[in-house]
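Participant: To convert a position in the sequence shown, counted from 1, into our numbering, add 2. Heads up, the beta-carbon is just placed ideally off N, CA and C, and yes, glycines get one too. Please read these numbers as outputs of a predicted model, since none were measured by experiment. Sharing a structure, written as structure tokens. Questions coming.
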Amino acid sequence: EVPEVPEVPEVPEVPEAQEAPQALEAPEATEAPEATETPDVPEAPEPPEAPEAPEAPAPVPAPVALMPTTPKAPVAKAPAAVAAATKAAAAAAAEGTAPSGEAVEDSIDDIVPLVSYEDSDEKRSFFSKDGRWIIPKREQFPSVFCALRVRVRMEMLDPSRSAKELPKEVVEDVLRVGFGLGKSLVRWDDARDTTLAALISASTREVVVAINGALPAGVGRGSKLKDDRNALSATVTEVTETSDDVDPSRIMSIASCLKESGQSDAIVFELPQLWIIPDPDFKPKFASIGLYPGSFWMHFLKSWGAIVTCEVYFRTAPKNVSDPRVNLVVKFRDRESMKMCFTFLYDRYLVHPKQENELRPPWCRLTSFQDFKSKATAKAGAAAKSGSGPKAKAKAGITKARPAVKALSVAGLGALALQPAPIQKSKA
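Structure, rendered in structure tokens:
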């Protein structure tokens, strides 16, 4: 019976112990590779979103703050951009590829030149500045007065009355007494660019007042007064400072003129005939004559650059029997010279160097020399008439010898009602 012992082989079931390999489940620890999920760390690359930081540049609005001062930027840098635009336009014209309307408008040179009273290596200045006065370094040249310009609208309380017929004394009374301008008022003129209200209503009149100083306290744009004695009301509609060369509003106004007359190549001035030809008996027989090359007016205008031609027109300026006027039209060799001259004199006043108390607005405006000449010739042909006065001189501006009088002397300016303080500048 001992043979039964073989049953012992059942022991092989031990292999079940091989379940120990389950201990191998430790490999489950290899789930640690799940730890390798740390590769998720690559999510760190999300920081690349930092590029959104460039959004920081979004604060670019900062330049918006600079917008108000942009008008001054064009003042300092004109030539380069202008030259490039001009050259491109010329090239396009040569190739026959005319730019579109918008392109032409964009190419118009409306950059206001920077005014300087200092001599430089490149250019000499013929003027100095003292308060409201631009003083020529040559005494025989006109001086320039930079007034505080005030526009006043006068309306008659009785619509049937014409404001344009108001006596000069009444207008001055309203300005000097009513608004309290007193002696600071230098002169006043009827506005040339009247508003629609003044054009359609005879009972409305607008005048431009030149003031030497500041407005009285409490007087400014919008100020009104009612004058029962003269049966009218008056309102200050505009106040413009012309003394500050870099005033944004002045820069914008000049730029607007340059843009509106982009093809202009000349400046038109309106001056008393006696300023050009100091002969009260002179009767012109021709529509125009050339300005005398040696006259002080020619040399004065050359302060801003070389001149191609300069002519005096007798029948194009508004007629004034007691004070005949002429148009002086000057064409400079280059546009920059024309722009600088216009910038100096726009909305300002000229003081004659040889006649006391002579201060006038030159009413300067831009034009095409050829267009102006053609229209003047046509007008003269229609209104041509023979005169019995002395022969017209071949050239204008030949002056009689006479002692030069300081136009800005204390006595002279007293007649203009200018205050003494700024007058001392004539000694500069």
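Quick one: what's PHE147 bridged to in DSSP?
Facilitator: TRP135, TYR351
Participant: Within 10 angstroms of its Cβ, does ASN322 collect 16 or more other Cβ (buried), or is it exposed?
Facilitator: With a threshold of 16 other beta carbon atoms within 10 Å, ASN322 falls short and is exposed.
Participant: Among THR244, GLN265, VAL179, whose alpha-carbon lies nearest the alpha-carbon of ARG231?
Facilitator: VAL179
Participant: Would you be able to state if there are at least three C-beta pairs under 8 Å between the segment 284-301 and the segment 341-353?
Facilitator: No contact exists between the segment 341-353 and the segment 284-301.
Participant: With a CB to CB cut of under 7 Å and the five nearest residues on each side skipped, what residues in its chain are close to HIS354?
Facilitator: PRO144, TRP277, GLU360, ALA409
Participant: Out of ARG335, LYS356, TRP365, GLY184, point me to the one whose CA is closest to LEU217's CA.
Facilitator: GLY184
Participant: DSSP three-state label for GLU33, please.
Facilitator: In this prediction, GLU33 has a pLDDT of 47, which is less than 50 and means its spatial position is unreliable; nothing more can be read from the coordinates.
Participant: What are the partner residues of LEU252, as DSSP defines its beta bridges?
Facilitator: It should be noted that the sequence gives Arg, not Leu, for residue 252. ARG252 pairs with nothing; no bridge assigned.
Participant: In or out: ALA380 buried (at least 16 other Cβ within 10 Å) or exposed?
Facilitator: exposed
Participant: Exposed or buried, what is VAL314 when buried is set at 16 or more other beta-carbons lying within 10 Å of its beta-carbon?
Facilitator: buried
Participant: List, from N- to C-terminal side, the beta strand (DSSP E) runs of 3 residues or more that fit wholly inside the segment 249-329.
Facilitator: 268-274, 290-293, 309-315
Participant: How many angstroms separate the CA atom of MET342 from the CA atom of PRO161?
Facilitator: 44 Å
Participant: State the DSSP-derived secondary structure class of VAL188, mapped to helix, strand or coil.
Facilitator: strand
Participant: Can we say the segment 242-262 touches the segment 165-175, given the rule of at least three CB pairs closer than 8 Å?
Facilitator: no
Participant: From GLU243 to ARG252, what distance separates their C-alpha atoms?
Facilitator: 8 Å
Participant: Which residue or residues does DSSP assign as beta-bridge partners of LEU2?
Facilitator: The requested residue 2 does not occur in the structure, where the chain is confined to residues 3 to 430.
Participant: Of all the options GLU338, ALA378, SER370, which has the alpha carbon lying nearest to the alpha carbon of VAL328?
Facilitator: ALA378
Participant: Three-state secondary structure (DSSP) at ARG337?
Facilitator: helix
Participant: Cβ atoms of ALA268 and VAL209: under 8 Å apart, would you say?
Facilitator: no
Participant: In the DSSP assignment, find the alpha helix (DSSP H) that holds VAL173 and state where it starts and stops.
Facilitator: From DSSP, the alpha helix (DSSP H) with VAL173 extends over 170-175.
Participant: If GLY2 sits next to ASP111, beta carbons under 8 Å apart, how far is it from one beta carbon to the other, in whole angstroms?
Facilitator: With the chain covering only 3 through 430, there is no way to say anything about residue 2.
Participant: Helix, strand or coil for ALA216 per DSSP?
Facilitator: In the displayed model, ALA216 falls within coil according to three-state DSSP, outside both helix and strand.
Participant: Would you decide whether ASP247 is buried or exposed? Buried here means 16 or more other CB atoms lie within 10 Å of its CB.
Facilitator: buried
Participant: Would you list the residues sitting across from ARG153 in a DSSP beta bridge?
Facilitator: VAL210, GLU240
Participant: Less than 8 Å separating the beta-carbons of ALA289 and ALA382?
Facilitator: yes
Participant: Along the chain, where does the alpha helix (DSSP H) containing LYS375 start, and where does it finish?
Facilitator: 371-384
Participant: How about LEU274 and ARG362: are their beta carbons less than 8 Å apart?
Facilitator: It is Pro, not Leu, that sits at residue 274 in the sequence shown. Contact flag set, yes.
Participant: List the residues that DSSP assigns as beta-bridge partners of SER130.
Facilitator: ILE137
Participant: Can you tell which of SER266, GLU157, ASP192 has the C-alpha that lies nearest to the C-alpha of LEU368?
Facilitator: Of the candidates SER266, GLU157, ASP192, the one whose C-alpha sits nearest the C-alpha of LEU368 is SER266.
Participant: Output needed for GLU272: all residues of its chain with C-beta closer than 7 Å, excluding positions within five of it in sequence on either side, in chain order.
Facilitator: ALA319, ARG327, ASN329, PRO364, TRP365
Participant: What's the C-alpha gap between GLY215 and LEU187?
Facilitator: Cα-Cα distance, rounded: 9 Å.
Participant: Confirm, please, whether the CB-CB distance from ILE137 to SER130 is below 8 Å.
Facilitator: yes
Participant: Are the beta-carbon atoms belonging to ALA345 and VAL146 less than 8 Å from one another?
Facilitator: Correcting the residue identity first, residue 345 is Thr in this sequence and not Ala. Going by C-beta atoms, THR345 is not nearer than 8 Å to VAL146.
Participant: Cutting at 7 Å between CB atoms, please list the residues of its own chain near SER324, excluding the five before and the five after it.
Facilitator: Nothing listed; no residue qualifies.
Participant: Between the Cα of ARG335 and those of LYS356, PHE371, LYS285, spot the shortest distance and give me the residue it belongs to.
Facilitator: It is PHE371 whose Cα lies nearest to the Cα of ARG335.
Participant: Using C-beta distances below 6 Å, list every residue in its chain close to THR311, excluding the 5 sequence neighbours before and after it, in chain order.
Facilitator: LYS333
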